[in-house]
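A.B. asks: Pasting in a structure now, in C-alpha cells, and then I'll have a few things to ask.
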Amino acid sequence: MNKIAIIGCGNMGLIYANSFLRYKIVNQDNLLLVEKSIDKQNSLSAMNIGKVVTTDDKIISECNIVILAVKPQDFKELAQSLKQVINPTCVVLSIMAGTEISFIQSALNHQFIVRAMPNLPVEISMGMTAFTASDNLSQDNIMLVENLLSTTGRTLYLKEEKQLNAVTALSGSGPAYFFYFMKHLVDAGVNMGLDEHVSSILAKQTMLGSFHLINNGQKTLEDYIKSVASKGGTTEAALKTFNENHMGEVIIKGLKNAEKRAEELSIK
Ligand SMILES: NC(=O)c1ccc[n+]([C@@H]2O[C@H](COP(=O)([O-])OP(=O)(O)OC[C@H]3O[C@@H](n4cnc5c(N)ncnc54)[C@H](OP(=O)(O)O)[C@@H]3O)[C@@H](O)[C@H]2O)c1
Numbered sequence: 058m059n060k061i062a063i064i065g066c067g068n069m070g071l072i073y074a075n076s077f078l079r080y081k082i083v084n085q086d087n088l089l090l091v092e093k094s095i096d097k098q099n100s101l102s103a104m105n106i107g108k109v110v111t112t113d114d115k116i117i118s119e120c121n122i123v124i125l126a127v128k129p130q131d132f133k134e135l136a137q138s139l140k141q142v143i144n145p146t147c148v149v150l151s152i153m154a155g156t157e158i159s160f161i162q163s164a165l166n167h168q169f170i171v172r173a174m175p176n177l178p179v180e181i182s183m184g185m186t187a188f189t190a191s192d193n194l195s196q197d198n199i200m201l202v203e204n205l206l207s208t209t210g211r212t213l214y215l216k217e218e219k220q221l222n223a224v225t226a227l228s229g230s231g232p233a234y235f236f237y238f239m240k241h242l243v244d245a246g247v248n249m250g251l252d253e254h255v256s257s258i259l260a261k262q263t264m265l266g267s268f269h270l271i272n273n274g275q276k277t278l279e280d281y282i283k284s285v286a287s288k289g290g291t292t293e294a295a296l297k298t299f300n301e302n303h304m305g306e307v308i309i310k311g312l313k314n315a316e317k318r319a320e321e322l323s324i325k
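The numbering used here applies: residue 58 is where the sequence shown begins, and numbers increase by one.
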C-alpha cells in the first residue's frame, strides 16, 4: 500500500488528496496532509480525510511518495525541514510551476524527482498533466506516479524537461484561452441581439459537440473546417475576417510569449 504525504494542502493539494481517495490509490490512514499554519491544520483535521502533520514530522519518512504542492516561492524554506525527514528512496512529485528538477534535487539533497504540470480541469478529473522525471527514476516508479496523476485526468510523459515550458504555455495556460474565446463568442451573440443565456447555451454546446467530433472522428482539423465552411457561405465570411486579421499568427505569438515567460520565471 502506498503511503503519501501531500505538502501544501491548498487548491491543488486538496484536489490530489480527494482524487487519490476516490480512486482508492491510498486510504485515509496512509495519507498525510502537511500544512504550515495552525488554522489550516485545524480546518484540514475537521475534513477528516487524512492524518494532519507538520513539515518536520518524522512520520513523513514512512512515505514512498511525497508531493510538493506549495507555491514555488515557499519551497526553499520548506526544503530546510523536509530534507531532514524524507526517506532517501521515496519519489518526490512536484507540481510547482517553473521549479526545475535539479533545483529540487539540490534543495532536498534527494535524487528521485518527478516534475508535473497539471491544469485547472483536474478539479473535475478532466485535467491534462504532462510530467517528466529525473534520469535515475525506475520504470516502476514512473508508472506509480502516472497512476497517481491519472486520477485527475489524462497524463503524458515527456522525456525532456525543457519541453515543460511549451506545455505550460499550451495546456497549463490553455483553459484561460478557451474561456477567453468562449467569452468573445458569447459577447458576439449578445452584440447580434441574442439574450446572454441563449448566447451562452449556443456557445457552450457548440464547443462541446465540436470537441467530441474532432476527438472521435477521423478527419484532420483542416477537413473539419472545410466541412462547415462552404464556398461563399457564412462561415467563410467569418474565417476570411479572422485570416485578414492574422488570428492564427496572433495565437502562435501569444503562446510563444507564454513559453518565454515560463522560461524567465524558471527557478533553476
Ligand atoms: N492552481 C493551478 O491551476 C495550478 C496549475 C499548475 C500548477 N500549480 C502549482 O501548484 C502549486 C500549488 O498551487 P495552489 O493553487 O494549490 O496554491 P495554494 O492554494 O496557495 O496552496 C499552497 C498551500 O501550501 C501551504 N504552504 C506554504 N508553505 C508551506 C510549508 N512550508 N509547509 C506546508 N504547507 C505550506 C500554503 O499555506 P499558506 O497559504 O498559509 O502559505 C497553502 O495552503 C503551486 O506551486 C502552483 O505553481 C497550480
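Just so it is clear, CB atoms sit at the ideal spot from N, CA and C, and this is done for glycine as well. Since the model is a prediction, treat every value here as computed from it, not as a measurement.
1) Helix, strand or coil, according to DSSP, for residue 340 in the structure here?
2) Hey, which residues come within less than 7 Å of ligand 3, measuring from Cβ to any heavy atom, in chain order?
3) May I have the straight-line CA-CA distance separating residue 119 from residue 230, to the nearest angstrom?
4) Is the CB-CB distance between residue 233 and residue 206 below 8 Å?
5) Excluding five sequence neighbours on each side, which residues of the same chain lie with their C-beta closer than 6 Å to the C-beta of residue 138?
6) Considering only the beta carbon of each residue, do residue 60 and residue 121 sit closer than 8 Å?
7) Assuming residue 124 and residue 63 make a contact with CB atoms under 8 Å, what is their CB distance in whole Å?
8) Can you list the alpha helix (DSSP H) stretches of 4 or more residues lying completely in the region 112–191, in chain order?
9) Ordered along the chain, which non-local residues of its own chain (more than five positions away) have a Cβ less than 8 Å from that of residue 271?
10) Short check: CB of residue 129 to CB of residue 164, under 8 Å?
11) Given residue 191, which residues of its chain have a CB within under 8 Å of its CB, disregarding the five upstream and five downstream residues?
12) Can you tell me which of the three DSSP states residue 108 falls into?
13) When DSSP labels each residue in this structure, what does residue 298 get in the three-state scheme?
14) Once DSSP output is grouped into helix, strand and coil, what is the label at residue 90?
15) Hey, which unbroken runs of the alpha helix (DSSP H) at 4 residues or more fall wholly within the region 223–281?
16) In the structure shown, what three-state DSSP assignment does residue 213 receive?
17) Where residue 217 and residue 287 are concerned, what is the direct C-alpha to C-alpha distance, given to the nearest angstrom?
18) Report the option in 209, 243, 75 whose CA atom is closest to the CA atom of residue 187.
C.D. replies: Taking the coordinates as given:
1) The chain is shown only over 58 to 325; residue 340 falls outside these bounds and no answer can be derived.
2) You won't find ligand 3 in this model; what it holds is ligand 1.
3) Going from the Cα of residue 119 to the Cα of residue 230 covers about 35 Å.
4) At the C-beta level, residue 233 and residue 206 stay beyond 8 Å of one another.
5) Short of 6 Å from the beta carbon of residue 138, and not among the five residues preceding or following it, lie these beta carbons of its own chain, in chain order: 112, 113.
6) It is a contact, given that the beta carbons lie within the stated cut-off.
7) 5 Å between Cβ atoms; contact.
8) Taken in chain order, the unbroken stretches of alpha helix (DSSP H) that lie wholly in the region 112–191 and span 4 residues or more are 129–142, 158–165.
9) Closer than 8 Å at the Cβ level, and outside the excluded window around residue 271, lie 278, 281.
10) Not closer than 8 Å, so no.
11) If we look at residue 191 and ignore the five residues flanking it on each side, its Cβ neighbours are 158, 162, 168, 169, 170, 171.
12) Taken through DSSP and simplified to helix, strand or coil, residue 108 comes out as strand.
13) Note: residue 298 maps to helix in three-state DSSP.
14) Looking at residue 90 - three-state DSSP - the assignment turns out to be strand.
15) As far as the region 223–281 is concerned, its whole alpha helix (DSSP H) runs of at least 4 residues are 231–248, 253–273.
16) Looking at residue 213 - three-state DSSP - the assignment turns out to be strand.
17) CA-CA distance, residue 217 to residue 287, rounds to 42 Å.
18) When each option's Cα is compared against that of residue 187, the closest is 209.
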